[in-house]
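Heads up: the structure comes next, in structure tokens.
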Amino acid sequence: MIRIITILIFVFIVHSVSAQNDTIVLGKDTTTQTKSQKKAIYSSARKASIMSAIIPGLGQVYNKKYWKVPIIYAGIGGFGYMFLSNNTKYNDYRTGLIASVNHGDSSQAVYGKYYSQTQLQTQKLYYRKYRDFAIIGIGIIYLINIIDANVDAHLRTFDVSDDVSLQIDPWQNTYSTASGLHMATGLSIKLNFK
């Protein structure tokens, strides 16, 4: 903490040393290149959302964000595999539990191993839980896909040029009062629209 305070004091002391003002007035440079004005491409956010709702990733293609499509399908594919794997095991343990209860056996063979009814019930609940998580994951990826297409279409015309700048500088001011000269320091925030 002392180090930070020392650095701040040093910055304000060094900043308080003033030099002479430059008397040379520079005009605008006429040789600077102007940025090429591209024709604005407008995307309909509603159309992008509907396209993504019909076929996941189609809204991203409409917005020309092709790199997002494999991410969407990888997420859906991963959760889809998780669903199929856990659903198969859930059904196998459920079938084993039903057979164990119907036949009055104390144990039932599933995947070559014998399980008690309690173990079968535990395994069935375990795989059902992760199967349900996979369904929720697919739904979340699907919703994120639609929201991303909508937001991307809205921000398509967002201006990110250099015409707007934010500048934060240390600030100081000396003022006189009846008791003498005083110095005030702080931060100056300037927002420029060029």
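Positions 2 to 195 (my numbering) are the ones given, in order, by the sequence shown.
In this text, a Cβ means the ideal position worked out from N, Cα and C, and glycines have one as well.
As a quick exercise: from the options, pick the residue whose alpha carbon is nearest that of residue i.
| i | options | result |
| --- | --- | --- |
| Gly113 | Leu126, Gly97, Ser45 and Asn174 | Gly97 |
| Lys90 | Gln124, Pro71 and Gly81 | Gln124 |
| Arg132 | Gln168, Tyr74 and Leu85 | Leu85 |
| Tyr74 | Ile56, Asn88, Tyr63 and Asn87 | Ile56 |
| Ile77 | Ile145, Ile3 and Trp172 | Ile145 |
| Met83 | Asp153, Arg157, Arg129 and Tyr115 | Arg129 |
| Lys69 | Ile169, Ala179, Asp153 and Gln168 | Asp153 |
| Val62 | Ser177, Gln120 and Ala150 | Ala150 |
| Gly105 | Ser53, Ala54 and Gln118 | Gln118 |
| Phe80 | Tyr67, Ile137 and Tyr176 | Ile137 |
| Tyr127 | Ile3, Ile141 and Asn92 | Asn92 |
| Tyr143 | Ser53, Thr178 and His155 | Ser53 |
| Lys66 | Tyr176, Leu156, Ala100 and Lys191 | Leu156 |
| Ala46 | Lys191, Ala110 and Ile147 | Ile147 |
| Leu192 | Asp170, Ser177, Tyr176 and Thr178 | Asp170 |
In this structure, does DSSP put residue i in helix, strand or coil?
| i | result |
| --- | --- |
| Phe159 | coil |
| Ala49 | helix |
| Lys130 | helix |
| Ser44 | coil |
| Ala185 | strand |
Buried or exposed: which applies to residue i, given that a residue is buried once 16 or more other Cβ atoms fall within 10 Å of its Cβ?
| i | result |
| --- | --- |
| Ile139 | buried |
| Ala185 | exposed |
| Phe159 | exposed |
| Tyr116 | buried |
| Phe194 | exposed |
| Ser166 | exposed |
| Ser50 | buried |
| Asn103 | exposed |
| Gln168 | exposed |
| Tyr94 | buried |
| Ser180 | exposed |
| Ser44 | buried |
| Ser101 | buried |
| Asn174 | exposed |
Could you tell me how far apart the beta carbons of residue i and residue j are, in whole angstroms, since I believe they sit closer than 8 Å?
| i | j | result |
| --- | --- | --- |
| Trp172 | Leu182 | Actually they are not in contact, since the Cβ atoms of Trp172 and Leu182 sit about 17 Å apart, beyond 8 Å. |
Could you name each continuous beta strand (DSSP E) segment of 3 residues or more that falls completely within the stretch 39-123, going from the start of the chain to the end? 108-111 and 114-117
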